[in-house]
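Peer 1: Sending over a structure as structure tokens; questions will come in a sec.
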Amino acid sequence: MNMEQIIAENLGTIVDVRTYGEFSGGNVAGSINIPLNEIPARMEELKALKAPLILCCASGGRSGQAQNYLSQNGIECYNGGSWLNVNYYKSLNN
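With positions in the sequence shown counted from 1, the corresponding number in our numbering is that position plus 669.
Okay, here's the thing in structure tokens:
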């Protein structure tokens with residue numbers, strides 16, 4: 670199954686790793702906000718989320734860093750890139 674299908678069918682959890690300010694300016698409906706710098710301290714919370722995690726940010730850079738870190742720690746996740754792209758894939762099934 671590909672990432673676009675996972676997003677469209679709500680088979681995982683969308684985690685936005687932008688800052689709280691960026692997130693409050695616009696986000697994917699149903700996504701949760703865990704800023705990149707808080708990920709190490711919030712690992713237990715992340716492990717409890719419905720996997721796989723779809724990570725997004727403004728352009729894909731921070732979500733790529735988060736994906737690398739989380740996958741090294743045994744969490745199934747994908748770099749969704751820009752939250753706008755993730756939002757588009759989510760809209761395909763609504």
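Don't be surprised by glycine CBs; every beta carbon is placed ideally from N, CA and C.
Small disclaimer: the values here were computed from a predicted structure and weren't measured.
#1: Tell whether a beta-carbon distance below 8 Å holds between Met672 and Tyr738.
#2: Would you call the segment 703 to 713 in contact with the segment 672 to 683, where contact means no fewer than 3 C-beta pairs closer than 8 Å?
#3: What's the gap between the Cα of Ala735 and the Cα of Val686?
#4: In or out: Leu761 buried (at least 16 other Cβ within 10 Å) or exposed?
#5: Considering just the uninterrupted stretch of the beta strand (DSSP E) at Asn762, what are its terminal residues?
#6: Pick helix, strand or coil for Ile708, following the three-state DSSP scheme.
#7: What does DSSP give as the partner residue(s) for Tyr747 in the beta ladder?
Peer 2: Walking through what the data contain:
#1: no
#2: no
#3: 8 Å
#4: exposed
#5: Where Asn762 is concerned, there is no enclosing beta strand (DSSP E), given that its DSSP letter is neither H nor E.
#6: coil
#7: Ile723
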